[in-house]
Amino acid sequence: MDEAITTLRDEALVALDACGDIDGLEAFRIKYLGRNGAVSGLMRSLPGLAPEARPAFGRDANKLKQEIEAAFTARRENLAVNAAADRGGVDITIPGRCLPGGHSHPVSQVSLEICDTFAAMGFDIAEGPDVETDFYNFEALNIPSHHPARDMHDTFYVSDSTLLRTHTSPMQIRAMEARRPPLRMIAPGKVYRCDSDVTHTPMFHQVEGFLVDEDVSFADLKGVLSLFIARVFSVDTAIRFRPSYFPFTEPSAEVDIACVICGGKGCRVCKHTGWIEILGAGMIDPEVFRSVGYDPEEVSGFAFGIGAERIAMLKYGIDDIRLFYENDHRFLSQF
Ligand code: PHE
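Residues in the sequence shown are numbered from 0 upward in steps of one, following numbering that gives the first Met the number 0.
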């Protein structure tokens, strides 16, 4: 073997042994195995040799290259293992594991979509406290303590005069107290009732909406809600206003849409009526205006309350509300 090759071999192997870390190893790689390194230098000296010496020299130089490369790889692995041992057995050269990205909850998505739809119609968004006073949740909404309508709400009381709000309607009072008409507001949030089965959870979400101005009529309410239903479901969704009762609206209505499951033919979900209730609404009662110091002779308005889980269940064909709150990744990842 040519002396230049054996000299380089000895020198390189000693230098490799002396490499104590990744930086040293990189310097070694550049010096011996790089494009302008010593091994390439041997190859480049080939044309200067006597023609008969060239084949053997080329073969030996190639062998040397492979030998140094193998030694280099072994040394690198050896250094990584030692480094891991220094770090208590953690091998920092192992590639990281990807954490899957999350997304917002289907009920949050639907609440946001509802708010966006009304924001596009010029409604402002407001939020209020989950722990409410009896005054905002009931009294000011024309539900005095002796009123039979308190039975409609299974209330969680925090103390005699504070409770977990049973609906988002207290936001009507808070907004009307804080501002003057004209008012167009939307108020999403959590509400609480002592109730639990396939269609009820003790906590659920509502989106309250209300508009107060001069000469607001039931036709305005119908127009706004029809546009909302067309946007969130589809333009050809049939709508029905059914007379109902809420102490804070007069007249009051519950709004149904044609069953999204059977298209109105009748099925288990719509209890064979062809219709599904999606919200409560009505013209704001004069008593409510009086409780915030508005003159019911001067202003009128409408209000509505939408159940977010209910909309989500209909949109996605979910038949058990409790699925939303079991935190089962297989369920949530579908949205
Ligand atoms: N607050 C009522 C409920 O929770 C819904 C509603 C809101 C009805 C506004 C009329 C007007 O059932």
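All C-beta atoms in this analysis are idealised placements derived from N, C-alpha and C, irrespective of residue type, glycine included.
Sequence-distant residues of its chain with Cβ nearer than 6 Å to residue i (five each side left out)
i: Leu182; result: Val211
i: Phe334; result: Pro105
i: Ser158; result: none
i: Leu226; result: none
i: Ile124; result: Cys114, Ile185
N- and C-terminal bounds of the alpha helix (DSSP H) containing residue i
i: Ile67; result: 53 to 85
i: Asp9; result: 2 to 17
i: Met282; result: Element bounds for Met282: not the alpha helix (DSSP H) but the beta strand (DSSP E), 274 to 283.
i: Ile113; result: 105 to 118
i: Gly33; result: Segment: none, Gly33 is in no alpha helix (DSSP H) and carries neither H nor E.
i: Ala237; result: Careful: Ala237 lies outside any alpha helix (DSSP H) and carries neither H nor E.
i: Ser144; result: Careful: Ser144 lies outside any alpha helix (DSSP H) and carries neither H nor E.
i: Glu213; result: Counting along the chain, Glu213 falls outside any alpha helix (DSSP H), and DSSP gives it neither H nor E.
Contact set for residue i: own chain, Cβ-Cβ below 8 Å, skip 5 residues either direction
i: Gly101; result: none
i: Ala17; result: Gly23
i: Asp150; result: none
Selection from the options that minimises the alpha carbon distance to residue i
i: Arg8; options: Arg43, Gly19, Ala70, Cys258; result: Ala70
i: Pro285; options: Ile238, Glu276, Glu296, Ile275; result: Glu296
i: Val190; options: Glu176, Gln205, Asp196; result: Gln205
i: Ala237; options: Asp255, Phe227, Thr248, Arg230; result: Asp255
i: Glu276; options: Gly306, Cys266, Ser299, Pro99; result: Gly306
i: Ile317; options: Asn81, Pro105, Leu278; result: Pro105
i: Arg321; options: Thr200, Pro128, Pro180; result: Thr200
i: Ser332; options: Pro99, Ala139, Arg239, Leu226; result: Pro99
i: Phe240; options: Arg267, Gly279, Phe203, Ile260; result: Gly279
i: Ala11; options: Asp327, Pro128, Lys30; result: Lys30
i: Phe301; options: Glu207, Leu32, Arg178, Ala73; result: Glu207
i: Arg230; options: Leu45, Leu78, Ala118, Gly19; result: Ala118
i: Val38; options: Ile93, Ala3, Ser195; result: Ala3
Simplified DSSP state of residue i, which is helix, strand or coil
i: Gln171; result: helix
i: Glu325; result: coil
i: Tyr293; result: coil
i: Ile93; result: coil
i: Pro46; result: helix
i: Ile260; result: coil
i: Arg183; result: strand
i: Val206; result: strand
i: Asp319; result: coil
i: Lys221; result: helix
i: Glu253; result: strand
i: Gly300; result: strand
Beta-carbon contacts of residue i that lie in its chain and below 7 Å, excluding the five residues immediately before and after
i: Ser160; result: Thr132, Asp133
i: Met42; result: Ala60
i: Thr165; result: Asn136, His152, Thr154, Val190, Tyr191, Arg192
i: Val298; result: Pro180, Val211, Asp212, Glu213, Phe288
i: Val130; result: Val157, Thr161, Leu163
i: Met202; result: Lys189, Tyr191
Continuous beta strand (DSSP E) stretch holding residue i: start and end
i: Gly23; result: Run containing Gly23: none in the beta strand (DSSP E); it sits in the alpha helix (DSSP H), 21 to 27.
i: Tyr156; result: First-last for Tyr156: undefined, no H or E at that position.
i: Glu131; result: 130 to 132
i: Glu313; result: It is Leu, not Glu, that sits at residue 313 in the sequence shown. Not the beta strand (DSSP E): Leu313 falls in the alpha helix (DSSP H), residues 307 to 315.
i: Thr161; result: 161 to 163
Contact with chain C by residue i, beta-carbon distance below 7 Å
i: Gly23; result: Of the chains in the structure shown, none is chain C; there is only one protein chain.
Checklist line | At least 3 beta-carbon pairs within less than 8 Å: the region 236 to 250 vs the region 270 to 289 | finding: yes
Note to self: Pairs of beta-carbons, one from the region 304 to 321 and one from the region 288 to 295, closer than 8 Å: are there three or more?
What the structure shows: no
Notebook entry, point to check: Is the region 117 to 136 touching the region 168 to 176 in the sense that three or more CB pairs, one from each, lie closer than 8 Å?
Noted result: yes
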